[in-house]
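J.: Taken in sequence, the protein lines are chains B and H.
Using the UniProt record's numbering, the first residue of the first sequence is number 1, and each one after it goes up by one.
Using the UniProt record's numbering, the first residue of the second sequence is number 1, and each one after it goes up by one.
All C-beta atoms, glycine included, are put in the ideal place defined by N, C-alpha and C.
2 protein chains.
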Amino acid sequence: MNNITIVVAEASYLIQKGLEAVLKNLGDNQVVQKMDKAEGLFESLSTLKPNILILNPDLFEGNTELIKKCCAKLKACKLVIISNKKGDEGKYDEDALLHYNDGQSKILACLEGVKDELDRKQKVERSDEPISAREKNILKHIALGLTNKEIADKLFISIHTVVTHRKNITQKLGIKSVSGLTVYAILNNLIAMDEVK
Amino acid sequence: MNNITIVVAEASYLIQKGLEAVLKNLGDNQVVQKMDKAEGLFESLSTLKPNILILNPDLFEGNTELIKKCCAKLKACKLVIISNKKGDEGKYDEDALLHYNDGQSKILACLEGVKDELDRKQKVERSDEPISAREKNILKHIALGLTNKEIADKLFISIHTVVTHRKNITQKLGIKSVSGLTVYAILNNLIAMDEVK
DNA sequence: GCTGCAATACCAATATGTTGGTATTTATAT
DNA sequence: ATATAAATACCAACATATTGGTATTGCAGC
Numbered sequence: 001m002n003n004i005t006i007v008v009a010e011a012s013y014l015i016q017k018g019l020e021a022v023l024k025n026l027g028d029n030q031v032v033q034k035m036d037k038a039e040g041l042f043e044s045l046s047t048l049k050p051n052i053l054i055l056n057p058d059l060f061e062g063n064t065e066l067i068k069k070c071c072a073k074l075k076a077c078k079l080v081i082i083s084n085k086k087g088d089e090g091k092y093d094e095d096a097l098l099h100y101n102d103g104q105s106k107i108l109a110c111l112e113g114v115k116d117e118l119d120r121k122q123k124v125e126r127s128d129e130p131i132s133a134r135e136k137n138i139l140k141h142i143a144l145g146l147t148n149k150e151i152a153d154k155l156f157i158s159i160h161t162v163v164t165h166r167k168n169i170t171q172k173l174g175i176k177s178v179s180g181l182t183v184y185a186i187l188n189n190l191i192a193m194d195e196v197k
Numbered sequence: 001m002n003n004i005t006i007v008v009a010e011a012s013y014l015i016q017k018g019l020e021a022v023l024k025n026l027g028d029n030q031v032v033q034k035m036d037k038a039e040g041l042f043e044s045l046s047t048l049k050p051n052i053l054i055l056n057p058d059l060f061e062g063n064t065e066l067i068k069k070c071c072a073k074l075k076a077c078k079l080v081i082i083s084n085k086k087g088d089e090g091k092y093d094e095d096a097l098l099h100y101n102d103g104q105s106k107i108l109a110c111l112e113g114v115k116d117e118l119d120r121k122q123k124v125e126r127s128d129e130p131i132s133a134r135e136k137n138i139l140k141h142i143a144l145g146l147t148n149k150e151i152a153d154k155l156f157i158s159i160h161t162v163v164t165h166r167k168n169i170t171q172k173l174g175i176k177s178v179s180g181l182t183v184y185a186i187l188n189n190l191i192a193m194d195e196v197k
């Protein structure tokens with residue numbers, strides 16, 4: 001999984017923040033710069049070399065030449081258009097065209113699509129790394145609030161084994177905090193909230 | 001500072017997410033529900049009893065009677081209007097009126113104002129709280145998976161202070177394990193499951 | 001039969017959390 | 001004005017978790 005860098009050029013603060021929040025949840029992304037006017041955009045693209053540029057054409061007052069100039073500036077950069085106006089359909093790549101009023105599914109589908117495209121280009125293969133049945137059981141006990149020693153005693157194994165399982169679990173899931181593991185266990189029906197001590 | 005619960009009723013997913021992000025940074029808030037249509041709103045207000053309702057009038061297609069009905073439903077609830085249209089000025093309380101295109105300063109000033117107003121109101125009525133507001137905030141960060149040191153750095157306090165708060169929290173609540181504290185935080189709307197890392 | 005994975009066990013170094021103290025400052029309530 | 005509570009800070013001893021190793025066994029698939 002490569003880290004994807006993103007520049008957001010959008011006047012509305014709430015839209016900026018919304019995009020940032022959505023992108024953060026979408027994976028290993030990073031919004032490296034937010035701008036609310038066109039000045040300095042070209043310079044930012046040159047220095048930051050982002051993988052994605054999310055741009056509101058209003059910043060250029062609709063001047064499509066400038067937008068094309070943006071694209072030309074960077075090969076590995078995917079352009080996403082975010083607009084508050086009707087009637088932009090057809091002017092831009094529909095796969096990467098968002099509107100202020102779009103709902104969750106549209107937004108997520110678009111951004112995930114763009115991200116997948118980039119992932120494919122970068123030949124980043126993401127393999128699902130499921131945890132084994134034994135590891136699930138260990139995780140369950142972690143999420144229930146037991147210590148390594150308590151788990152070892154309950155399962156009649158050495159504490160070293162528990163530590164090893166725990167190591168593998170955190171590595172496979174990419175979750176290192178106990179609270180994160182707890183939420184994972186809840187969401188994957190390994191435990192119920194009322195079982196936790 | 002009590003925990004403030006918020007319902008966001010807004011069709012645009014990005015605006016939803018943007019508001020959520022801004023509110024999260026504003027302090028001890030929690031967006032307890034987001035909705036993108038008017039159905040179920042009254043029910044949510046009744047059951048969740050939020051402190052703030054952020055509403056886009058477009059959900060009611062401009063029917064101001066329904067909006068007033070919202071207000072009437074809850075005394076301790078402050079209404080914030082979020083709109084994508086020009087010409088709403090004067091129709092609503094200007095202190096609590098936002099537009100899609102507003103910049104950072106306007107947005108923050110408005111939401112901080114609303115929050116301060118609520119804080120002042122609530123200062124009187126809090127009494128039977130098991131843990132203090134500060135402790136709630138610490139607990140929130142514990143449940144999010146931060147270490148004591150990370151919490152100390154984020155809140156600009158010593159790690160000793162965090163340890164002390166943590167001691168008091170576990171004693172007051174009688175919950176020792178991190179997973180237990182995490183579940184408590186989820187059940188008490190201090191965090192949402194998808195915030196945990 | 002070889003390969004790879006899962007489960008088991010162990011070690012050592014380091015990091016982080018726990019517990020039981022003390023103590024100061026500020027704000028609020030009686 | 002004074003008692004109380006909350007937030008802050010610190011210490012020391014101890015407990016527990018994390019990380020990066022190594023190693024053995026058994027089992028399933030090729």
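(1) Identify which residue in H:Ile54, H:Tyr13, H:Glu150, H:Val183 has its Cα closest to the Cα of Ile6 (chain H).
(2) With DSSP as the reference, label Thr5 (chain B) as helix, strand or coil.
(3) At a CB distance below 9 Å, what residues from the region 158 to 188 of chain H approach chain B? Give them in sequence order.
(4) Using DSSP with H/G/I as helix, E/B as strand and the rest coil, what is Lys34 (chain H)?
(5) Given this structure, state the Cα-to-Cα distance separating Lys172 (chain H) from Leu139 (chain H), to the nearest angstrom.
(6) For a contact meaning CB atoms closer than 7 Å, what does Lys197 (chain B) contact in chain H?
(7) Can you list the alpha helix (DSSP H) stretches of 4 or more residues lying completely in the region 138 to 195 of chain B, in chain order?
(8) Per DSSP, Ile52 (chain B) forms a beta bridge with which residues?
(9) Sort out for me which residues DSSP pairs Ser83 (chain H) with in a bridge.
(10) Establish whether the CB of Lys106 (chain H) and some CB of chain B are separated by less than 9 Å.
(11) Shorter than 9 Å from the beta carbon of Ile82 (chain B) to some beta carbon of chain H?
(12) According to DSSP, is Pro57 (chain B) part of a helix, a strand, or is it coil?
(13) Assuming Asp36 (chain H) contacts Glu61 (chain H) (C-beta within less than 8 Å), just tell me the rounded distance between them.
(14) Using 8 Å as the Cβ pair cut-off and three pairs as the minimum, do the region 173 to 185 of chain H and the region 143 to 158 of chain B touch?
(15) Taking Pro130 (chain H) as the reference, give the member of H:Gly103, H:Asn148, H:Asn188 with the closest Cα.
(16) Do Leu190 (chain H) and Ile82 (chain B) count as a contact pair if the criterion is CB distance below 9 Å?
(17) In whole angstroms, give me the CA-to-CA distance for Leu23 (chain H) and Ser105 (chain B).
(18) Could you work out which residues of chain B lie near Tyr92 (chain H), taking near to mean beta carbons separated by less than 9 Å?
(19) Whole angstroms are fine: how far does the CA of Pro57 (chain H) sit from the CA of Arg126 (chain H)?
(20) CA-CA distance, Phe156 (chain B) and Ser132 (chain H)?
(21) With C-beta atoms as the reference, is Leu19 (chain B) less than 9 Å away from Ala38 (chain B)?
(22) If you measure between the beta carbons of Asn168 (chain H) and Ile159 (chain H), is that distance less than 9 Å?
(23) At the level of alpha carbons, what is the spacing between Ile186 (chain B) and Lys197 (chain H)?
(24) Within 9 Å of any Cβ in chain H, is that where the Cβ of Glu112 (chain B) sits?
(25) Relative to the alpha-carbon of Ala109 (chain B), which residue among B:Gly40, B:Val163, B:Ala96 has its alpha-carbon at the smallest distance?
(26) Please state whether DSSP places Leu66 (chain B) in a helix, a strand or coil.
(27) Using only CA atoms, which one of B:Asn101, B:Asn84, B:Ala192, B:Lys115 lies nearest to Ile52 (chain B)?
(28) Does Gly18 (chain B) have its Cβ less than 9 Å from a Cβ in chain H?
(29) Tell me which residue opens and which closes the alpha helix (DSSP H) that Lys24 (chain B) is part of.
(30) Could you confirm whether any beta carbon from chain H is found closer than 9 Å to the beta carbon of Asn51 (chain B)?
(31) Is any beta-carbon of chain B found at less than 9 Å from that of Ile152 (chain H)?
(32) Could you give the distance in angstroms between the alpha-carbon of Tyr100 (chain H) and the alpha-carbon of Ile107 (chain B)?
(33) Taking 9 Å as the CB-CB cut-off, is Ser44 (chain H) touching chain B?
T.: Looking at the atomic coordinates:
(1) Walking along the second sequence from the start, residue 6 (chain H) turns up at place 6. Ranking the options by Cα distance to Ile6 (chain H), first place goes to H:Ile54.
(2) Here the question's residue 5 (chain B) lines up with position 5 in the first sequence. In this structure, Thr5 (chain B) counts as strand in the three-state DSSP scheme.
(3) Within the region 158 to 188 of chain H, the residues whose Cβ lies closer than 9 Å to any Cβ of chain B are, in chain order, Ile175, Lys176, Ser177, Val178, Ser179, Gly180, Leu181, Thr182, Val183, Tyr184, Ala185, Ile186, Leu187.
(4) Within the second sequence, residue 34 (chain H) is the residue found at index 34, counting from 1. Looking at Lys34 (chain H) - three-state DSSP - the assignment turns out to be strand.
(5) Your numbering for residue 172 (chain H) matches position 172 in the second sequence. Your numbering for residue 139 (chain H) matches position 139 in the second sequence. Computed Cα separation, rounded: 12 Å.
(6) Within the first sequence, the letter at position 197 stands for residue 197 (chain B). Neighbours of Lys197 (chain B) in chain H, taken as residues whose beta carbon is under 7 Å from its own, are Ser177, Gly180 in chain order.
(7) For the region 138 to 195 of chain B, the continuous alpha helix (DSSP H) assignments of 4+ residues that do not extend past its boundaries occur at 148 to 155, 159 to 173, 178 to 187, in sequence order.
(8) As a working note, residue 52 (chain B) is residue 52 in the first sequence. According to DSSP, Ile52 (chain B) shares a beta bridge with B:Ile6, B:Lys78.
(9) The residue given as residue 83 (chain H) occupies position 83 in the second sequence. DSSP, once it has assigned bridges, lists H:His99 as partnering Ser83 (chain H).
(10) Start at 1 with the first residue of the second sequence, and residue 106 (chain H) comes out as number 106. For Lys106 (chain H), the answer is yes, since a Cβ of chain B falls inside 9 Å of its Cβ.
(11) Here residue 82 (chain B) corresponds to residue number 82 of the first sequence, with the count starting at 1. So, interface residue.
(12) Residue numbering aside, residue 57 (chain B) sits at position 57 when the first sequence is read from its first letter. Three-state result, Pro57 (chain B): helix.
(13) For the purposes of this step, residue 36 (chain H) is taken as the residue at position 36 of the second sequence. For the purposes of this step, residue 61 (chain H) is taken as the residue at position 61 of the second sequence. About 14 Å; that fails the 8 Å criterion.
(14) With the cut-off at 8 Å, the region 173 to 185 of chain H and the region 143 to 158 of chain B touch.
(15) Your numbering for residue 130 (chain H) matches position 130 in the second sequence. Closest by alpha carbon: H:Asn188.
(16) Along the first sequence, read from residue 1 onward, the residue named residue 82 (chain B) stands at position 82. Along the second sequence, read from residue 1 onward, the residue named residue 190 (chain H) stands at position 190. Going by C-beta atoms, Ile82 (chain B) is not nearer than 9 Å to Leu190 (chain H).
(17) By one-based count along the second sequence, residue 23 (chain H) stands at place 23. By one-based count along the first sequence, residue 105 (chain B) stands at place 105. Those two C-alpha atoms are separated by around 23 Å.
(18) For the purposes of this step, residue 92 (chain H) is identified with residue 92 of the second sequence, where counting begins at 1. Chain B residues near Tyr92 (chain H): none, gap ~17 Å exceeds 9 Å.
(19) Counting from one through the second sequence, the residue named residue 126 (chain H) turns up at place 126. Counting from one through the second sequence, the residue named residue 57 (chain H) turns up at place 57. At Arg126 (chain H) the pLDDT is 42, less than 50, meaning the model places this residue with poor confidence and gives no usable figure here.
(20) The count along the first sequence starts at 1 and reaches residue 156 (chain B) at position 156. The count along the second sequence starts at 1 and reaches residue 132 (chain H) at position 132. Rounded to the nearest angstrom, the two C-alpha atoms are 41 Å apart.
(21) The count along the first sequence starts at 1 and reaches residue 19 (chain B) at position 19. The count along the first sequence starts at 1 and reaches residue 38 (chain B) at position 38. It is not a contact, given that the beta carbons lie outside the stated cut-off.
(22) Taking the first residue of the second sequence as 1, we reach residue 168 (chain H) at position 168. Taking the first residue of the second sequence as 1, we reach residue 159 (chain H) at position 159. No, Cβ-Cβ distance for Asn168 (chain H) and Ile159 (chain H) is not below 9 Å.
(23) Walking along the first sequence from the start, residue 186 (chain B) turns up at place 186. Walking along the second sequence from the start, residue 197 (chain H) turns up at place 197. Cα to Cα, the separation comes out at about 14 Å.
(24) Here the question's residue 112 (chain B) lines up with position 112 in the first sequence. Interface residue (Cβ-Cβ distance to chain H less than 9 Å): Glu112 (chain B) is not classified as such.
(25) Residue numbering aside, residue 109 (chain B) sits at position 109 when the first sequence is read from its first letter. Minimum Cα distance to Ala109 (chain B) is reached at B:Ala96.
(26) Residue mapping note: residue 66 (chain B) aligns to position 66 of the first sequence, counting from 1. Leu66 (chain B): helix per DSSP, three-state reduction.
(27) Counting from one through the first sequence, the residue named residue 52 (chain B) turns up at place 52. Ranking the options by Cα distance to Ile52 (chain B), first place goes to B:Lys115.
(28) Here residue 18 (chain B) refers to the residue found at position 18 of the first sequence. Cβ-Cβ to chain H under 9 Å: yes for Gly18 (chain B).
(29) Here residue 24 (chain B) refers to the residue found at position 24 of the first sequence. Start and end: 13 to 25.
(30) The sequence position of residue 51 (chain B) within the first sequence is 51, counting from 1. No - not a single Cβ of chain H is within 9 Å of the one on Asn51 (chain B).
(31) Here residue 152 (chain H) corresponds to residue number 152 of the second sequence, with the count starting at 1. Looking at the sequence shown, residue 152 (chain H) is not Ile but Ala. When Cβ-Cβ separations below 9 Å define contact, Ala152 (chain H) makes no contact with chain B.
(32) Translated into the one-based positions of the second sequence, residue 100 (chain H) becomes position 100. Translated into the one-based positions of the first sequence, residue 107 (chain B) becomes position 107. Cα to Cα, the separation comes out at about 17 Å.
(33) Working through the second sequence from its first residue, we reach residue 44 (chain H) at position 44. With 9 Å as the cut-off, Ser44 (chain H) does not count as an interface residue toward chain B.
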